[in-house]
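Peer 1: Going line by line, the protein sequences match chains P and U. Going left to right, the first sequence walks through residues 11 to 339 as the working numbering numbers them. Going left to right, the second sequence walks through residues 150 to 469 as the working numbering numbers them. Dropping the structure in here first, questions after.
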Amino acid sequence: MALSKKQMITLFTNLVRADRFDKMFYARMLQGKLIGFYHPGEGAIAPGVAAASFLNDDDNLSPHHRAHGMAHNLSKGIDLKYYLAEHTGKETGCCKGRSAFHFSFPEKKVYMMSGFIGYNFAPVVGWGFAAKRRGQKQVVMNCSGDGSYGQGRAHESMLFAKTMNLPIIYWCENNGMAIHSSIEDMHPTKDISSLAKGFDMPAIIVDGQDVFACAEVALKAIKRARDGKGPTFVECKTLRFKEHDMGTKDLKGYRARKAEELDPMREREPVLLATKRVLKDGILTQTQIDAIGAKADEEVAAAEKFADESEIATPTVEELMAAVYAPNA
Amino acid sequence: MRELTFIEAIREAYIQEMKLDESVFLVGQDIRGSIFPHTEGLVQQFGEDRIVDTPLAESGMYGLAFGAAQEGLRPVVDFMFGGFTYVTFSEVSITTGQYHFLHGSQQALPLVITAAVGTGMRLANDHAMSVHSTFCHHPGIKVVMPSTPYDAKGLMAAAIRDNNPVVIPWHLGLMMERGHVPEEDYIIPLGTAEVKREGTDITVLANSVQLKNALEVAAKLEGEISVEVIDPRSFEPFDMDTLLKSLEKTNRLVIVDEDWENCGFAGTVSARVVEQGFDLLDAPIIRVTTPNMPIPGGYMENYVAPNPERIEAAIREVCA
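See the structure below:
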């Protein structure tokens, strides 16, 4: 289904915002102004924007960990200043500064993050089960990378989704790299989506650098799930420009990734491609594009100001102990 | 007084809670056909939407319950045997225990994990192991274990109504035990121990099937040693006050627990008593637990689980 001009502008805007947030996180990590670690998103932000830009508030979303889910979450309508505050240990953080890098926005149906790659495959079954039981046509957008499909729970999840006809989209953002390992070494087929065949689940492969192509596929899969037709597998072939995790080596297997491998990737940078497209199609003028960029910069600056001006969370151990269990009425 | 078996009491709690609250449902493997009788006939009464059979895949099965709880439902997930929780252990222990706290205490996670545990069927380690100490080790999860039909109904009902993850294993050796169970709706608050028999010379803390053994020994020793027997009923939260109050009177303690000795519930209680009630003790604490070996199957099973003989020997040693 062809995208409307309005949809294309939404996607382009979210893509630019995601790019600026990713770059800000990267810079802050280098400056020592971010807690913990950061898994840079450069090169791989288009699938998340496409997956989440047209979800409703009451659709479930599980973001990919790359760029710490920021492309997904901002596209879902989440204000990332609360996430930056969390990532800087502030009491205004989305998890009250307790979690370092986790996010939780239950009002937007983004419940959680976990340090375990592939953790998402288990709870999405329950979200899909609950959505089907309510009968109100919510869908579950389940995003993770190629490496996560090595987990047994990925296969269990697809088994459940297909058997129970659950409205789950298996949105695989395949950048060909799992930490340092390449997909050629760790997966028997070129396409992760070939797994879907075993579950009689429809699968679509799409260019993960093209945010518009990804969104067309997302809309198709979302509609299919809303119509009660069950799960769809989408494989976005994407790229990772930087190392897995800032500060670790940028390896492929045990050898350093080389310039001749990385340089051509830059030609397929998603903002670059999207900019060419909106100009060519007459969707946006250069002036409008510049304004979108300037607004994204303002948003990023405001988020930094909010986080930097917030207090560091320093509850007492007693206060923390009292927060371990949910209260009973 | 109406009597039910232990397993019928659990079933009655499910029925009671499912009638009271539409969001309660059961999920497990072959619970519609009922591997154990606590789910007998429930699919006919409540339908397939509320008695949910899944593929034999624990991560998917538990994921269904976990995600449904985030969505506001109140699942009871039946793992059949406690050892099977290990198949999806990152989910049931870490992801579950940290969910509420680590995500800013924004959302409750009301779910119940249940399973049969314990020696007696000679099935060996993977089917016979206890799991309560392991769950106690993981913050954010409540852990309880009934020892009578009355407690089975009341603790299960309380677990289902609690807004937190609650693990409630039940011991196979108690499955057909009969006892008084009121028809009306009641709960036993989580975190309340019960003094099952009063005594003045020594306190024996014993749970589940081992409570039966402890009471048998206490009756045998009557006239010689006056044994007070306490059922913790709840491991996390644990009712330390009831235990300390008992020790003020008896000054001696034996802890009986079928879980393994190393890093087990009995060891934790011993340490707490030493920290909080050292001056109350007139003798060292002795634990009667399963020694640190994989539980053998067949007839060798009898070598490892606590039994009345080992409990009596421990009582005599502490009172000597």
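Every residue gets a Cβ at the ideal spot worked out from N, C-alpha and C, and that includes glycine. No experiment lies behind these values; they were computed from the predicted model shown.
Could you tell me which residues DSSP puts in a beta bridge with Phe174 of chain U?
Peer 2: BP columns for Phe174 of chain U point to U:Pro224.
Peer 1: Unbroken beta strand (DSSP E) runs of length 3 or more, entirely within the region 237-324 of chain U: which are they?
Peer 2: 261-266, 291-293, 315-320, all fully within the region 237-324 of chain U.
Peer 1: Using CA atoms only, rank isn't needed, just tell me which of U:His287, U:His320, U:Gly221, U:Gly253 is closest to His141 of chain P.
Peer 2: Per the sequence shown, the amino acid found at residue 141 of chain P is Ala instead of His. Considering only alpha carbons, the answer is U:Gly221.
Peer 1: Between which residues of its own chain and Ser172 of chain U is the CB-CB distance below 6 angstroms, once the five residues before and five after are set aside?
Peer 2: Within the same chain, Ser172 of chain U has close Cβ partners Leu222, Arg223.
Peer 1: Just the Cα atoms here: how many angstroms apart are Leu229 of chain P and Leu65 of chain P?
Peer 2: Answer to the nearest angstrom: the Cα atoms are 9 angstroms apart.
Peer 1: What's the gap between the Cα of Leu272 of chain P and the Cα of Phe251 of chain P?
Peer 2: Distance between the alpha carbons of Leu272 of chain P and Phe251 of chain P is about 7 angstroms.
Peer 1: Just the chain U side, please: which residues come within less than 7 angstroms of Leu169 of chain P by C-beta, in chain order?
Peer 2: Simply Pro204, Ala206, Gly209.
Peer 1: So, with DSSP's three-state summary, where would you put Cys105 of chain P?
Peer 2: Coil.
Peer 1: Beta-carbon within less than 7 angstroms of Ala95 of chain P's beta-carbon, same chain only, minus the 5 sequence neighbours each way: which residues are those?
Peer 2: Excluding residues within five positions, the ones whose Cβ falls inside 7 angstroms are Thr102, Gly103, Phe316, Ala317, Ser320.
Peer 1: Can you list, in chain order, the residues of the region 212-223 of chain U whose Cβ is nearer than 9 angstroms to any Cβ on chain P?
Peer 2: Those residues of the region 212-223 of chain U that come within reach of chain P (Cβ to Cβ, closer than 9 angstroms) are Gly212, Leu213, Ala214, Phe215, Gly216, Ala217, Ala218, Gln219, Glu220, Gly221, Leu222.
Peer 1: What is the DSSP secondary structure of Val152 of chain U, counted as helix, strand or coil?
Peer 2: Correcting the residue identity first, residue 152 of chain U is Glu in this sequence and not Val. DSSP places Glu152 of chain U in strand when its eight states are reduced to three.
Peer 1: Whose CA, out of P:Leu261, P:Ala231, P:Tyr36, lies closest to the CA of Ala62 of chain P?
Peer 2: Measuring from the Cα of Ala62 of chain P, the nearest candidate turns out to be P:Ala231.
Peer 1: Three-state secondary structure (DSSP) at Ile215 of chain P?
Peer 2: If DSSP states are grouped into helix, strand and coil, Ile215 of chain P belongs with the strands.
Peer 1: Please return the same chain residues whose Cβ sits closer than 7 angstroms to the Cβ of Ile215 of chain P, not counting the five positions on each side in sequence.
Peer 2: Excluding sequence neighbours, Ile215 of chain P sits near Asp201, Ser203, Glu245, Lys247.
Peer 1: Hey, would you say Asn175 of chain P sits closer than 9 angstroms to Gly238 of chain P, going by beta carbons?
Peer 2: In this structure, Gly238 of chain P lies closer than 9 angstroms to Asn175 of chain P by Cβ.
Peer 1: Got a sec: is the Cβ-Cβ distance from Thr173 of chain P to anything in chain U below 9 angstroms?
Peer 2: Judged by the 9 angstroms Cβ criterion, Thr173 of chain P is in contact with chain U.
Peer 1: What are the start and end residues of the alpha helix (DSSP H) that includes Asn184 of chain P?
Peer 2: Careful: Asn184 of chain P lies outside any alpha helix (DSSP H), inside the beta strand (DSSP E) at 178-184.
Peer 1: Can you tell me the Cα-Cα spacing of Met150 of chain U and Gly322 of chain U, whole angstroms?
Peer 2: Those two C-alpha atoms are separated by around 23 angstroms.
Peer 1: With H, G and I counted as helix, E and B as strand and the rest as coil, what does DSSP make of Gly42 of chain P?
Peer 2: Gly42 of chain P: coil per DSSP, three-state reduction.
Peer 1: Can you tell me which of P:Leu71, P:Asp89, P:Phe131, P:Arg38 puts its alpha carbon nearest to the alpha carbon of Gln148 of chain P?
Peer 2: Among P:Leu71, P:Asp89, P:Phe131, P:Arg38, the Cα nearest to that of Gln148 of chain P belongs to P:Leu71.
Peer 1: I'd like the ranges of any beta strand (DSSP E) spanning at least 3 consecutive residues and lying wholly in the region 53-98 of chain P.
Peer 2: Counting only runs of 3 or more, we get 70-72.
Peer 1: Give a yes or no on whether the minimum CB-CB distance between Phe195 of chain U and chain P is below 9 angstroms.
Peer 2: It does not: the Cβ of Phe195 of chain U has no partner Cβ on chain P nearer than 9 angstroms.
Peer 1: DSSP beta-bridge partners for Asp202 of chain U?
Peer 2: DSSP, once it has assigned bridges, lists U:Gly177 as partnering Asp202 of chain U.
Peer 1: By DSSP's criteria, Ala266 of chain P is part of a beta bridge. Which residues make up the other side?
Peer 2: P:Leu261.
Peer 1: Output the residue ranges of the beta strand (DSSP E) runs that lie fully inside the region 235-318 of chain P and measure 3 residues or longer, sorted by chain position.
Peer 2: Those beta strand (DSSP E) runs which fall completely within the region 235-318 of chain P and span 3+ residues are 242-247.
Peer 1: Under 9 angstroms between C-beta atoms, does Phe168 of chain U make it to chain P?
Peer 2: A quick correction: the sequence has Lys, not Phe, at residue 168 of chain U. Not one chain P Cβ lies under 9 angstroms of Lys168 of chain U.
Peer 1: State the start and end residues of the unbroken alpha helix (DSSP H) segment that holds Cys412 of chain U.
Peer 2: Premise fails: Cys412 of chain U is in no alpha helix (DSSP H) and is neither H nor E.
Peer 1: Taking any Cβ of chain P, which residues in the region 229-255 of chain U have a Cβ under 9 angstroms from it, in chain order?
Peer 2: Listed in sequence order: Thr237, Ser239, Glu240, Ile243, Thr244, Gly246, Gln247, Tyr248, His249, Phe250, Leu251, His252, Gly253, Ser254, Gln255.
Peer 1: Can you tell me the Cβ-Cβ gap for Gly53 of chain P and His74 of chain P, rounded? I've got them flagged as a contact below 8 angstroms.
Peer 2: Gly53 of chain P to His74 of chain P, Cβ: 13 angstroms. No contact.
Peer 1: Taking Ala28 of chain P as the reference, give the member of P:Phe115, P:His78, P:Phe111, P:Gly257 with the closest Cα.
Peer 2: It is P:His78 whose Cα lies nearest to the Cα of Ala28 of chain P.
Peer 1: Is the number of C-beta pairs between the region 359-367 of chain U and the region 378-389 of chain U that are closer than 8 angstroms three or more?
Peer 2: Yes: the two stretches touch, three or more of their Cβ pairs being nearer than 8 angstroms.
Peer 1: Quick check: is any heavy atom of the ligand FMN less than 8 angstroms from the C-beta of Glu240 of chain U?
Peer 2: No copy of the ligand FMN appears in this structure; indeed no ligand is present at all.
Peer 1: Taking the Cβ atom as the reference point for each residue, do Phe414 of chain U and Gly340 of chain U lie within a distance shorter than 9 angstroms?
Peer 2: It is not a contact, given that the beta carbons lie outside the stated cut-off.
Peer 1: Can you give the Cα-Cα distance for Pro314 of chain U and Ala336 of chain P, rounded to whole angstroms?
Peer 2: When rounded, the distance between both Cα atoms is 10 angstroms.
Peer 1: By the 10 Å Cβ neighbour count, where 16 or more other Cβ atoms means buried, how is Met151 of chain P classified, buried or exposed?
Peer 2: Buried, since its Cβ has 16 or more Cβ neighbours within 10 Å.
Peer 1: Quick one: is Leu258 of chain U near chain P, going by C-beta distance under 9 angstroms?
Peer 2: Yes, contact with chain P.
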